[in-house]
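FYI, the numbering for the sequence shown is -23 to -1, 1 to 341, going by mature numbering (1 follows the signal peptide of the UniProt record, and there is no 0).
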Amino acid sequence: MSLSHILLVVSLTDFLYRIHVDACDRNCADKPVFTPSRLVVKYGDPVAANCSVCEDCLYLFGLETPLGEQNQNGTTISWKAPKMTEWDPAPSCYYTKKDSDDQCCSDLPITVYQPPDNVLIRFDGHTGPMFEGRYYTLQCEVQKVAPIENLIVTFYKGQTALDKQPYNGTYKKPVTKIYNLVITPREEDDGAQYWCEAKLELGPEGPQPPPVVISQKITASVHYKPRLQGSPHSQITIKAGSPLLLNCSAWGNPSPSYSWTLPSGSPHSSSSNVLTIDSVASANGGLYTCSVSNSRGTINVEFNVTVEEINIILIIVIVVVFVAVVAVGGLFYYHYYRTKRMGKYTLKDVFRLGRQHTAVPITE
């Protein structure tokens, strides 16, 4: 028999099987009962089930299935297949009613699944660093999975779930599908790891935990304009002779560079984030501008410096007044000490004091 004849016979057999199954009444009383009532089988694994009919339904009953073997024992038909090789087997158990050609049927729902061969993640049409504020599409490609209607794809950033996506469609055989997620990266996403997870949710009859395949992780590089560290003191007042330090430290990606413009309008040779003047003079007052730049943008930081001159005359007056106060205080103390503490006396008074003593009688 030629190959074309074989294919014709197989097609005809399948057609007649479908016609027979479709002609059955699935809402009749005393329907055949499958045990278990639902099966979830991995493609290539063995499968088995039983079909039972009522005692009065033995006139003509059987099991229609495209694979496996069956064994009848009383009111029960046992069916098994060493390997699931069909994606939509749809076994049907039936019996023919007495004195009638009407048939009563029950179908055994079988979900045949296959975990993904591979899961890939990438940015659609983009390689290299991303720019803050722009839109990019993450793509998660799930390869050769079945059934796609039971698949849930989850996008992650680190350990944070960004989005869960089912697939609206019915395909029994393995298919490859691409899931998309649009993101807008920000500064804090620099260095973040993106990945996706493909999970087959097959219900309580399916394997527990559900089959899961994850992608590799891709690390995002996000370029963003410079950010200033802290709040600058735009108005600065300093005394002449004091050291001046202006700081416009910032961060960014790529790392920023610095340039300074002096009050005179001329650039400064410093390329540091800090500008230092050891001792300021009045000529150092004015507007200083620090420009912080990278490939994503520039920010300008302004410092308005006012230098206060030292008032020499006021200092001299203060010193003179202080010296005068000290001198007057010294004279006052000297006068007080001489008159109150040391006292005044003459030699005549000393001798007079000696003669004024009288003897004190002693009594025994």
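Using N, Cα and C, we set each Cβ at its ideal position, and we do this for glycine too.
The structure presented is a predicted model; accordingly, all values stated were derived computationally and were not measured.
- Annotation: the continuous beta strand (DSSP E) that includes S270 extends over 263 to 271.
- Sixteen is the threshold: since fewer than 16 other Cβ atoms of the shown chains lie within 10 Å of the Cβ of F108, the residue is exposed.
- E285 is the residue among G146, V269, E285 whose C-alpha sits nearest the C-alpha of I215.
- In terms of Cβ geometry, C225 and N261 do not form a close pair [threshold 8 Å].
- For S83, the three-state secondary structure derived from DSSP is strand.
- With contacts defined as CB atoms closer than 8 Å, I125 and Y148 qualify as a contacting pair.
- Taking 3 residues as the minimum length, the beta strand (DSSP E) runs contained wholly in the region 165 to 215 are 170 to 177, 189 to 191, 199 to 205, in order along the chain.
- A Cβ-Cβ distance of about 7 Å is found for the pair G180 and V17, placing them in contact under the 8 Å criterion.
- Sequence-distant partners of P240 (beyond 5 residues in either direction) whose C-beta falls short of 8 Å from its own C-beta, in its chain, are N261, G262, G263, L264, Y265, V282.
- Taking each of A26, K121, T12, E279 in turn and checking the Cα distance to A58, the smallest one comes out for A26.
- C-alpha of L308 to C-alpha of I295: approximately 20 Å in a straight line.
- If you draw a 10 Å sphere on the C-beta of H103, you find fewer than 16 other C-beta atoms in it, and that means exposed.
- In the three-state reduction of the DSSP assignment, E32 falls in the helix class.
- Taken atom to atom, the span from the alpha-carbon of G146 to that of K154 is near 11 Å.
- At a Cβ-Cβ threshold of 8 Å, A197 and G168 count as neighbours.
- G21 and C81 have their C-alpha atoms some 31 Å from each other.
- For Q47, the CB contacts under 6 Å within the same chain, skipping 5 residues up- and downstream, are L40, I54, W56 in chain order.
- Look at the region 88 to 176 and you find these whole runs of beta strand (DSSP E), each 3 residues long or longer: 95 to 100, 113 to 122, 128 to 134, 137 to 143, 152 to 160.
- Non-local C-beta neighbours of Y112 in its own chain, meaning closer than 8 Å and more than five positions away in sequence, comprise V159, I160, T161, ordered along the chain.
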